[in-house]
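Protein sequence lines correspond, in order, to chains A and B. My numbering numbers the first residue of the first sequence as 2 and each following residue consecutively. My numbering numbers the first residue of the second sequence as 859 and each following residue consecutively. Beneath this line is the structure, given in C-alpha cells, with notes to follow.
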Amino acid sequence: MTPGPATSRPSPWKGWAILAPGVLWLLALVAAPLVLMLLYSLASRLAAGSPWPEGFSGEHYIRLIDPLYFKIFVRSIFQASLAALFSLALGYPLAYYIARSPLAKRDRLLLLVIIPFWTNFLVRTYAWMVMLRAQGVVNSLLMATGLISEPLPLLYNEVAVQVGLVYTLMPLLILPLYANLEKMDQRLLDAASDLGATPSAAFWSVTWPLSRPGVLLGCMMVFISAFGMYLVPDLMGGARSIMVGNLIQNQFLQARNWPFGAAAALALTAIVLGLALLVQRWGRLDGQGVRR
Amino acid sequence: MKGRWLKLYAWFAYGFLYLPILILMLLSFNASRTSSVWKGFTLDWYVKLLSNDLLWEAVRNSLVVAVSAAALSTVLGTMTALALNRNRIPGRMLVEGLLYLPLILPDIVLGVGALVLFTALGIKLGLGTILAAHVGTSISYVVMVLRARLADMDQNLEDAARDLGATPWQTIRYVTLPLLAPAILAGGLLAFTLSLDDFILSFFTAGPGATTLPLRIYGMVKTGLTPEVNALSTVLLLLTGLATYLYQRLTKNGDKA
C-alpha cells in the first residue's frame, strides 16, 4: 500500500494493490497449470515437434476405467484408507497421551512428534529401506538369531509401501488431533465420572465424540497425502504396488503420453477436492451435533 | 484406557517414529559398507561426504532456491494476508479458494502442472523454474501462519493508531508489522523448510544441472544404498531437530507477545 491521504475513504478495490502480486503468482503457477492440464487431457495427442496438444477426444478419461489403470486407482484408495486407519490406531493414543500430560511436559512431547515430521521426507523413507532391505536391519537380526537362513523379501511390496506411508504420514494425523484434544474441557470428563461413568464409558461417550472433527481432519490429511503419494511406492514398492502418483509420473516422464497423464492427474485432483469438501461439510455438521 | 497402558502405548508409538532414524544414525558410523551388521566404528562416510562435490553443489543449489523462495513467498504472503485481514475485498471467495488449492492438492499434480506450464510456454527448466514452483505453493503456507496470528491480534491497537491520526500505511508499518514480526519470521522459516525438503516439485521442474539436495539424495538412494547416505541423513536429522526447536521457540514467543 502506498502512503495516501488519511482522509479519503478507501475503496474496496484498494486492497487489491497489495493482494494482486500474490494472487497473480498463484494464478500463474497453480490455476493456469490446472486449466492447461484440462486442455491436454481433452486432446487426442501431443502435436509432433511441439509441446502443445492437438485434436479433441475423451478417450483418455475412458482409458482410466480400463482395468489395467482402474486397478491402480483402487489400490491407491485401499492403501490410503489403510494408512489413515493405522495412523489413527497408532496416533490417537499418542495424541491423547500428549494432551493429557502436564502442561510443562506437553511442548517437549509434541516436539518429539514434530521433529520426524520436519525431517526430510526422503530420509524418513530411506530409514525404512535400511530396515527392510535384503541385507537390512530386520533380516540381519533374524539371520543372526538363526530364525531364518535366507533374507526375507521384506522390501518392494505392498506391505512395505503401507509401512512407509504410515511412518511418513502419521504426524499429519497426530498434530490436528492433538490440537483438538488439547482444547477439550477436562470438566466434561470430571462430570462424566462424577455421574458414575467408568473411564472407558466416559471416553466413548464424551472424549471420542468431541474429538471426531480432529479425527476426521487427521484421517483426511493422511488419506489425501497417501493417495497422491509418489516417493514411497517408488522407493519401497515394486512393479505390482505402484499407485496413482507413479502412474502420472510414468505418463509424463517415461511414456510421454501427456494427455493421459493429465487425465489421471485431474482424476486424482477431483477425488481429493471432492473428499476435502465432503469432510469439511461433514466436520462442520458433526461439530454442531456434539457442541454443547 | 488406563494411565499406565496409555503411557506404554504412547512410547511404543514414539518408538515406531524414532527407532528407524536412530538405527540409521547408528549405522552411519558402521565400518561395514554393505551390511547392517556392526563391523566397528568409523567416520569414513562423513569424510566421504565432505569430498563429494556433486553433493555440495546440490546443497548450494538448494540453499539458493530455499532462501529466495522464503524471501519471495514471505513478502507476497504477508501482503496477501494483510489485504485479506478485515478489508472488504471484492472476489474474496475466489482468492480464498486459490490459496486453499496448494494446501490440499497432491504435490504430484502441482509438479506435473508446473512442468506442463513451463514446457508449453517454452520456458527453460532450471533453478528459476524450481523457485517459481516453490513460491507458488509456499505463499499459501505463509498466509496460513500469518492469518492465525492476525486472528489472535488485538484489533484495538490498530484502531487506536488510526484514531490517533495514523495513515493506513503508518498503521501497518508501526503497529501491525512489528506485532506480526514473529509470525512473519515463522512463515519464512516454514517456506524455507518446505523448499529445502521438496522433492516432487523440483523433480518435475529441474533442468539439467539444476540438482537440489533432495534430488541428489534420491539419485543416491536409487543407484544403491551407500553408508554415505546414512551419514548425510544423520547430518540432516540433526539440523532438522535444531530448526524445529528454533521454530517452536519463535512461534511460542508470538503467543506471549
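Backbone N, C-alpha and C fix where the C-beta goes; we use that ideal spot for every residue, glycine too.
Item	Value
Ordered list of alpha helix (DSSP H) runs contained in the segment 147 to 178 of chain A, each at least 4 residues	none
Where B/A1115 sits in the DSSP three-state scheme	With a pLDDT of only 36 at B/A1115, under the threshold of 50, the placement of this residue in the model should not be trusted; the figure read from the coordinates follows. If DSSP states are grouped into helix, strand and coil, B/A1115 belongs with coil.
Residues within the segment 974 to 993 of chain B neighbouring chain A, beta-carbon criterion of under 8 Å	V974, L975, T977, A978, G980, A990, A991 and V993
Alpha carbon of B/R1031 to alpha carbon of B/G1023, nearest angstrom	14 Å
B/E1086 to B/K1080 span [Cα, whole Å]	13 Å
Interface positions of the segment 890 to 914 of chain B facing chain A (Cβ-Cβ less than 7 Å), listed along the chain	T892, S893, S894 and V895
Residues from the segment 943 to 954 of chain B in contact with chain A, defined by Cβ distance under 7 Å	N945, R946, I947, P948 and V953
Simplified DSSP state of A/R1, which is helix, strand or coil	In the structure as shown, chain A begins at 2 and stops at 293. Residue 1 of chain A is therefore absent and cannot be evaluated.
Straight-line Cα distance separating A/V273 from B/K906	43 Å
CA nearest to the CA of A/F66, picked from A/F261, A/L254 and A/G238	In the sequence under discussion, the amino acid at residue 66 of chain A is Ile, which differs from the Phe named in the question. With distances taken between Cα atoms, A/I66 lies closest to A/F261.
CB of B/A929 within 8 Å of CB of B/L989, strictly	no
Opposing strand residues paired with A/F253 [DSSP bridges]	Looking at the DSSP assignment, A/F253 forms no beta bridge with any residue, so it has no partner.
Contacts that A/Q136 makes with chain B (C-beta to C-beta distance below 8 Å)	T892, S893 and S894
For A/A264 and A/R293, the rounded distance between their alpha carbons	No answer about A/R293 holds up, because its pLDDT of 36 lies below 50 and its placement is not dependable.
Contacts of B/M937 in chain A (Cβ-Cβ under 8 Å)	I19, L20, P22 and G23
Residue of A/L43, A/W26 and A/L69 minimising C-alpha distance to A/A240	A/L69
Where A/P103 sits in the DSSP three-state scheme	coil
Contiguous alpha helix (DSSP H) assignments of at least 4 residues, all confined to the segment 19 to 80 of chain A	33 to 42 and 60 to 64
Residue range of the unbroken alpha helix (DSSP H) whose run includes B/W1027	P1026 to T1029
With 16 other Cβ atoms within 10 Å as the buried cut-off, status of A/A271	exposed
Rounded separation between A/Q250 and A/L173 - CA only	24 Å
Partner residues on chain A for B/Q1106, Cβ-Cβ distance less than 9 Å	D108, L111, L112 and I115
Inter-residue Cα distance where the pair is B/I947 and A/K184	32 Å
Helix, strand or coil at A/F224 according to DSSP, with G and I counted as helix	helix
Neighbourhood of B/L1108 by C-beta, 6 Å cutoff - its chain only, sequence neighbours within 5 removed	P1040, L1043 and A1044
For A/Y62, the nearest candidate out of A/I243, A/L276, A/L279 and A/L267 (CA to CA)	A/L267
Nearest to B/S996 (by Cα), restricted to the options B/I962, B/R918, B/L901 and B/N910	B/I962
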